[in-house]
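In what follows, a structure is listed as structure tokens, so that the remarks can point back to it.
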Amino acid sequence: MLDTCKMNLSSSPAALMIMDSKREIQAKVYESSCISIGNSSDIFEIKVPGIEPFPVPCDGRIAGPGWTVIQRRVDNAVDFNRSWQEYRDGFGDLDGNLFIGLEKIYRMTNSRPHELYIHLENFNDTTRFARYNNFSIGSEEDAYQLKVLGRFSGDAGDSLKFERGMKFTTFDRDNDKQSFDNCARERSGGWWYNQCSRANLNGIYLKYEEDKWDGIWWWSWQESITLKSVQMLIRPTTNRK
1 MLDTCKMNLS SSPAALMIMD SKREIQAKVY ESSCISIGNS SDIFEIKVPG IEPFPVPCDG
61 RIAGPGWTVI QRRVDNAVDF NRSWQEYRDG FGDLDGNLFI GLEKIYRMTN SRPHELYIHL
121 ENFNDTTRFA RYNNFSIGSE EDAYQLKVLG RFSGDAGDSL KFERGMKFTT FDRDNDKQSF
181 DNCARERSGG WWYNQCSRAN LNGIYLKYEE DKWDGIWWWS WQESITLKSV QMLIRPTTNR
241 K
């Protein structure tokens, strides 16, 4: 088994590290996704074309087996108002708040078809979800454009359709359609902003419920009322391991 490590996530585009993690990364399975892991919820290394093997949190509890966590917000321990390079490479803690990295998401979703599951929780401990049966983003040359967003299902409402086709924006790389400001600066985090967005999952984490434009929210459920936690997960839609 690999030793538990304690490093900064953004140090390499090919290696998502663990920061202050007490878990151990499981053996070098080098599968192409979490599908083969089944119902396990732990950290495994995967290998997809075009990038070195990297560790990911696999989740089999939230929405069934085989999901890879690509984004998670549970508290205010990690600042998500990050640069283009940091969003490209990934940052955070594999056991806690994290963004897996745009380059990794691109490589995973372009290796074969994936679906997207967004798990939301408010401060009353009520949970909702949004699910899209197809999801992929473009390369860095395409500014990691949200190229494919499939059919929606779920009880949280569809707040992501407004961002379909949009390029990723950070405070130092403005690709949104708002002419008078940078949406990442306005909303305090990187995202596929349009003018600006109907979802703000990478905004400021608050420890309480508040109507706040740069907080974490999902408009079609609670408008701009902040959420307690959120996770974005992807899973291949084919059975190939």
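In the UniProt record's numbering, the protein residues as written are 1 to 241. Built from N, CA and C at the ideal position, the CB exists for glycine as well.
Quiz prompt | Enclosing alpha helix (DSSP H) for Phe-85 [first to last residue] | solution = In the sequence shown, the residue the question calls residue 85 occupies position 85. Going by the sequence as given, residue 85 is Gln instead of Phe. First-last of the alpha helix (DSSP H) with Gln-85: 84 to 89.
Quiz item: Secondary structure at residue 242, three-state DSSP: helix, strand or coil?
Solution: Outside the modelled stretch of the chain, which goes from 1 to 241, sits residue 242, for which no answer is possible.
Quiz item: Is it true that the CB of Ser-33 sits closer than 8 Å to the CB of Pro-236?
Solution: Here residue 236 refers to the residue found at position 236 of the sequence shown. Here residue 33 refers to the residue found at position 33 of the sequence shown. In terms of Cβ geometry, Pro-236 and Ser-33 form a close pair [threshold 8 Å].
Quiz prompt | Arg-131 versus Met-232 - alpha carbon distance | solution = The residue given as residue 131 occupies position 131 in the sequence shown. The residue given as residue 232 occupies position 232 in the sequence shown. The C-alpha of Arg-131 lies about 10 Å from the C-alpha of Met-232.
Self-check item: Classification of Pro-55 by the beta-carbon crowding that lies within 10 angstroms, buried from 16 upward
Solution: Position 55 of the sequence shown, counted from the first residue, corresponds to residue 55. Result: buried.
Quiz prompt | Within the segment 137 to 214, ranges of the alpha helix (DSSP H) (whole runs, at least 4 residues) | solution = List check, alpha helix (DSSP H) in window: 183 to 187.
Exercise. State the DSSP-derived secondary structure class of Glu-121, mapped to helix, strand or coil.
Key: Mapped onto the sequence shown, residue 121 falls at position 121. The three-state secondary structure of Glu-121, taken from DSSP, is strand.
Practice problem: Give me the Cβ distance between Ile-225 and Glu-209, rounded to the nearest whole Å; I'm assuming they're in contact under 8 Å. | Solution: Taking the sequence shown and counting its residues from 1, one reaches residue 225 at position 225. Taking the sequence shown and counting its residues from 1, one reaches residue 209 at position 209. Confirmed, about 6 Å.
Exercise. Rounded to whole angstroms, what's the CA-CA distance from Trp-219 to Glu-103? Just pull it up for me.
Key: Indexing the sequence shown from 1 puts residue 219 at position 219. Indexing the sequence shown from 1 puts residue 103 at position 103. Note on geometry: alpha-carbon atoms of Trp-219 and Glu-103 lie some 27 Å from one another.
Exercise. Return helix, strand or coil for Thr-126, following the three-state DSSP convention.
Key: Here the question's residue 126 lines up with position 126 in the sequence shown. Here Thr-126 sits in coil by DSSP.
Quiz item: In three-state terms, what does DSSP make of Glu-45?
Solution: Here residue 45 refers to the residue found at position 45 when the sequence shown is read from its first residue. In the three-state DSSP reduction, Glu-45 falls in the strand class (E or B).
Quiz item: Are the segment 190 to 206 and the segment 155 to 170 touching, with three or more C-beta to C-beta distances below 8 Å?
Solution: Put simply, the segment 190 to 206 touches the segment 155 to 170. At least three CB pairs are less than 8 Å apart.
Quiz item: Which of helix, strand or coil does DSSP assign to Thr-68?
Solution: The residue labelled residue 68 in the question sits at position 68 within the sequence shown. Assigned with DSSP and collapsed to three states, Thr-68 falls in strand.
Exercise. May I have the straight-line CA-CA distance separating Asp-155 from Ile-51, to the nearest angstrom?
Key: If you number the sequence shown from 1, residue 155 lands on position 155. If you number the sequence shown from 1, residue 51 lands on position 51. Rounded to whole angstroms, Asp-155 to Ile-51 spans 35 Å at the Cα level.
Self-check item: Residue range of the unbroken beta strand (DSSP E) whose run includes Ile-234
Solution: Looking up residue 234 in the sequence shown gives position 234. Residues 229 to 236.
Quiz item: Hey, out of Asn-194, Glu-186, Ser-188, whose CA is closest to Asn-175's CA?
Solution: Looking up residue 175 in the sequence shown gives position 175. That would be Asn-194, whose Cα lies nearest to the Cα of Asn-175.
Exercise. Grab the span of the beta strand (DSSP E) containing Pro-53 for me, first residue to last.
Key: Here residue 53 corresponds to residue number 53 of the sequence shown, with the count starting at 1. Neither: Pro-53 is in no beta strand (DSSP E) and is coded neither H nor E.
Quiz item: Going by beta carbon distance, what residues of the same chain come within less than 6 Å of Lys-22, once the five residues before and after it are set aside?
Solution: Walking along the sequence shown from the start, residue 22 turns up at place 22. Model confidence at Lys-22 stands at a pLDDT of 45, short of 50, so the residue's coordinates are unreliable and nothing is read from them.
Practice problem: Classify Trp-213 as buried or exposed, calling it buried when 16 or more other Cβ atoms lie within 10 Å of its own Cβ. | Solution: The residue given as residue 213 occupies position 213 in the sequence shown. It is exposed - the Cβ of Trp-213 has fewer than 16 other Cβ atoms within 10 Å.
Practice problem: Count the other C-beta atoms from every protein chain shown that fall within 10 angstroms of the C-beta of Asn-202, then say buried if there are 16 or more, exposed otherwise. | Solution: By 1-based counting over the sequence shown, the position of residue 202 is 202. With 16 or more other CB atoms across the displayed protein chains lying within 10 angstroms of its CB, Asn-202 is buried.
Exercise. Say yes only if the C-beta of Ser-33 is nearer than 7 Å to one or more non-hydrogen atoms of the ligand FMN, and no if none qualify.
Key: The ligand FMN is not among the ligands present in this structure, which contains no ligands whatsoever.
Quiz item: Hey, quick one: how far does the alpha helix (DSSP H) through Leu-102 stretch, first residue to last?
Solution: One-based indexing of the sequence shown puts residue 102 at position 102. Annotation: the continuous alpha helix (DSSP H) that includes Leu-102 extends over 102 to 111.
Quiz item: Looking only at C-alpha atoms, which of Leu-120, Arg-88, Trp-192 sits nearest to Glu-223?
Solution: Translated into the one-based positions of the sequence shown, residue 223 becomes position 223. Relative to the Cα of Glu-223, the nearest Cα in the group Leu-120, Arg-88, Trp-192 belongs to Leu-120.
Quiz item: If you compare alpha carbons, which of Gly-96, Asp-172, Gly-138, Thr-169 is closest to Cys-58?
Solution: Working through the sequence shown from its first residue, we reach residue 58 at position 58. Per the Cα distances, Gly-96.
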